[in-house]
Amino acid sequence: MSTIKVAAFKEKQARLAGEAFNRYGKGIHSKARLNLCDCAAYALAKSLSVPLLFNGDDFIHADVERWR
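This is the structure:
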């Protein structure tokens, strides 16, 4: 069984979150329509090369692996 871990959110993740918002953020005309907190979760998952646990349709339009 997987466990939940606390991960540091550093400058690298902040930069990735900004890039994600520019690509997938609400108001960018992206089907993903991610908000800033969504982009932070996206950035952390991408930087750690781990899948992201989510529901709904927003993240399916972004290039992040879904946790199953």
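Going by UniProt numbering, the first residue of the sequence shown is number 1, and it counts up by one from there.
For glycine and all other residues, C-beta sits at the position ideal for the given N, C-alpha and C.
Small disclaimer: the values here were computed from a predicted structure and weren't measured.
Pairing Arg33 with Asp63 gives a Cβ-Cβ distance that is not under 7 Å. For Arg66, the beta-bridge partners assigned by DSSP are Leu52. Rounded to whole angstroms, the gap between the alpha carbons of Glu65 and Gly27 is 23 Å. Classified as buried, Leu44 has 16 or more neighbouring CB atoms from the shown chains inside 10 Å of its CB.
Each residue's CA atom was taken as its position, placing Ala20 and Ser47 some 12 Å apart.
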